[in-house]
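Numbering of the sequence shown is given in the working numbering, commencing with residue 1 and proceeding in unit increments.
Cβ coordinates follow ideal geometry from the N, Cα and C atoms, glycine included.
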Amino acid sequence: MIEKTDLSFERAVLIGIVTREQDEDKLEEYLDELEFLTYTAGGEVIKRFSQKMDVPNPKTFIGSGKMEDVRQFVKEEEIGAVIFDDELSPAQQKNIEKILKCKILDRTGLILDIFAQRAKTSYARTQVELAQYEYLLPRLAGMWTHLERQRGGIGMRGPGETEIETDRRIVRDKISLLKKKLATIDKQMEVQRGNRGQLVRVALVGYTNVGKSTLMNVISKSEVFAENKLFATLDTTVRKVVIRNLPFLLTDTVGFIRKLPTQLVESFKSTLDEVRESDLLLHVVDISHPNFEEHIDSVNQILSEIEAIDKPTLMVFNKIDAYKPEKLEEDDLMTEKTSAHYSLKEWKQTWMNRLGDNVLFISALNKENLEDFRRKVYEAVREIHITRFPYNNFLYPEYDKYGEKE
Numbered sequence: 001m002i003e004k005t006d007l008s009f010e011r012a013v014l015i016g017i018v019t020r021e022q023d024e025d026k027l028e029e030y031l032d033e034l035e036f037l038t039y040t041a042g043g044e045v046i047k048r049f050s051q052k053m054d055v056p057n058p059k060t061f062i063g064s065g066k067m068e069d070v071r072q073f074v075k076e077e078e079i080g081a082v083i084f085d086d087e088l089s090p091a092q093q094k095n096i097e098k099i100l101k102c103k104i105l106d107r108t109g110l111i112l113d114i115f116a117q118r119a120k121t122s123y124a125r126t127q128v129e130l131a132q133y134e135y136l137l138p139r140l141a142g143m144w145t146h147l148e149r150q151r152g153g154i155g156m157r158g159p160g161e162t163e164i165e166t167d168r169r170i171v172r173d174k175i176s177l178l179k180k181k182l183a184t185i186d187k188q189m190e191v192q193r194g195n196r197g198q199l200v201r202v203a204l205v206g207y208t209n210v211g212k213s214t215l216m217n218v219i220s221k222s223e224v225f226a227e228n229k230l231f232a233t234l235d236t237t238v239r240k241v242v243i244r245n246l247p248f249l250l251t252d253t254v255g256f257i258r259k260l261p262t263q264l265v266e267s268f269k270s271t272l273d274e275v276r277e278s279d280l281l282l283h284v285v286d287i288s289h290p291n292f293e294e295h296i297d298s299v300n301q302i303l304s305e306i307e308a309i310d311k312p313t314l315m316v317f318n319k320i321d322a323y324k325p326e327k328l329e330e331d332d333l334m335t336e337k338t339s340a341h342y343s344l345k346e347w348k349q350t351w352m353n354r355l356g357d358n359v360l361f362i363s364a365l366n367k368e369n370l371e372d373f374r375r376k377v378y379e380a381v382r383e384i385h386i387t388r389f390p391y392n393n394f395l396y397p398e399y400d401k402y403g404e405k406e
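Dropping the structure here:
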């Protein structure tokens, strides 16, 4: 497997640009997320650099003047890694490395590194390795110094293939091998899914670090790894859960993120099959995050890509214990009231009202409103189950009437 980048206790700087599509507030938010990614990978962010540009510089991503500022800072502060918020082209990465003479990473490379650290099972490691090799293939020339030299010596003269071509062929062969290995595992997992019988399948989906694994631990009484870092869960976990007397399968899946590398979406396709083949989605949202609405859009975009957007969905707004609206004084006539000032009650009267009964407000950590959560999930699973097996209707009464059947 490709060696993962060691960012442990490494001093890093972040670089992003303000464009027509990305204003300063948006950039600041992306850099906050990039800083959390860096922290998750084990690095420490010392400074951020940003520049206003219509389009990124095709050679060095940022302008020459700003690049000189970064070079001086990197030299003076002994910075180990420079991390860019957008994906760099192989040529840009090569040029920047020549100027800054330190480790250069982009958002995609950083996410791949975190995945490499977090992958525990053989299946997850294979998926990450495939994504890494696909990311690496166009960047081979910049990663080793020997690559452009042609092999010499007895039997090696003549046209031959350069060492770079040899390495590219090796990587392509490795990609082909990994794809075959994943195809074999996919068949095994398909058989496993088929062996689970006719139980209703429920999948937890959502942005990374919204509390999906914590929620799963609470309602399935199991010990799934949960941590306040990005991408704590990479391996799909399936548990049998029983609410009252109604059994169903609950799946915890990998979290999504904005600007998710296409290589990862592709290589984790089979993990996302759990979502595609589920009967009900629990879309978990961290309502305490100031940009939770954009997180919802990002998740919906990926659900559209894997053709799972039209599935029955319950919106679960988690972390209500951490939600704190900005205060607006009654005598403040200058400040315009925005969604940042909304209380939870006011949020319920917005677009969330159109979702009807498919909205829940809970705290998985403090176990707030979990009874309401169980009731909604029970009713949603029951509806799917009795549609599939109408003769089972009497076995699973409505939640509020459960005690009556005894």
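Close-in-space but distant-in-sequence residues of the same chain around residue i (CB under 8 angstroms, 5 per side omitted)
i: ILE443; result: In the structure as shown, the chain begins at 1 and stops at 406. Residue 443 is therefore absent and cannot be evaluated.
i: THR313; result: LEU280, LEU281, LEU282, HIS283 and ASN358
i: LYS181; result: THR126
i: ILE175; result: LEU130, TYR133, GLU134 and LEU137
i: SER278; result: ARG201, VAL202, ALA203, THR251, ALA308 and LYS311
i: ARG276; result: ILE306, GLU307 and ALA308
i: ILE99; result: THR60, MET67 and ARG71
Presumed contact (8 angstroms Cβ cut-off) between residue i and residue j, rounded CB distance
i: LEU281; j: LYS240; result: Not confirmed; about 18 angstroms, so no contact.
i: ASP252; j: LEU204; result: 5 angstroms
i: ILE114; j: VAL82; result: Contact flag wrong, Cβ pair sits at about 17 angstroms.
i: ASN318; j: ILE287; result: 7 angstroms
i: ASN358; j: MET315; result: 6 angstroms
i: ILE185; j: THR126; result: 7 angstroms
i: GLU87; j: ASP69; result: Actually they do not touch by this definition, with Cβ atoms about 22 angstroms apart.
i: VAL377; j: ILE243; result: 6 angstroms
i: ILE306; j: LEU250; result: Incorrect: roughly 19 angstroms between the Cβ atoms, too far for contact.
i: GLN132; j: LEU112; result: 5 angstroms
i: PHE9; j: GLY42; result: 7 angstroms
Straight-line Cα distance separating residue j from residue i
i: PRO56; j: ILE62; result: 6 angstroms
i: GLU371; j: VAL202; result: 18 angstroms
i: THR19; j: TYR30; result: 13 angstroms
i: ASN366; j: ILE384; result: 29 angstroms
i: TYR323; j: VAL285; result: 12 angstroms
i: ASP32; j: SER50; result: 13 angstroms
i: VAL238; j: GLU28; result: 37 angstroms
i: LEU395; j: PHE389; result: 11 angstroms
i: GLU44; j: LEU110; result: 13 angstroms
i: TRP347; j: PRO325; result: 11 angstroms
i: ILE309; j: THR121; result: 28 angstroms
i: ARG375; j: PRO397; result: 12 angstroms
i: LYS327; j: GLN349; result: 19 angstroms
i: LEU360; j: GLY16; result: 36 angstroms
i: SER339; j: HIS289; result: 12 angstroms
i: ASP54; j: LYS26; result: 15 angstroms
Close beta carbons around residue i, own chain, < 7 angstroms, minus the five adjacent residues each side
i: VAL381; result: VAL200, VAL202, LEU246, PHE248 and LEU280
i: VAL299; result: VAL205, GLY206, TYR207, PHE256 and HIS283
i: LYS259; result: ARG107
i: GLU434; result: Outside the modelled stretch of the chain, which goes from 1 to 406, sits residue 434, for which no answer is possible.
i: MET143; result: Any reading at MET143 must be qualified, since the residue scores a pLDDT of 49, below 50, and its modelled position is unreliable; no value is offered.
Continuous beta strand (DSSP E) stretch holding residue i: start and end
i: VAL74; result: It is not in any beta strand (DSSP E) - VAL74 instead sits in the alpha helix (DSSP H) that spans 64-77.
i: LEU250; result: 246-252
i: PHE61; result: It is not in any beta strand (DSSP E) - PHE61 carries neither H nor E in the DSSP assignment.
i: LYS221; result: Neither: LYS221 is in no beta strand (DSSP E) and is coded neither H nor E.
i: ILE386; result: Careful: ILE386 lies outside any beta strand (DSSP E), inside the alpha helix (DSSP H) at 370-388.
i: ALA203; result: 201-206
i: PHE361; result: 359-361
i: THR237; result: 237-243
Cβ shell of residue i (< 6 angstroms), same chain only, five flanking positions each side left out
i: ASN95; result: LYS59 and THR60
i: ARG139; result: PRO90
i: LYS66; result: GLN51
i: ASP321; result: SER363 and ASN366
i: GLU24; result: VAL18
Problem - 3 or more residues per run - each beta strand (DSSP E) lying fully within the region 268-346 - result: 280-286 and 313-318
Handout entry: Entirely enclosed beta strand (DSSP E) segments - the region 69-125, minimum 3 residues
Key = 81-84 and 103-106
Handout entry: Those runs of the beta strand (DSSP E) which lie wholly inside the region 4-54 and span at least 3 residues
Key = 10-18 and 43-52
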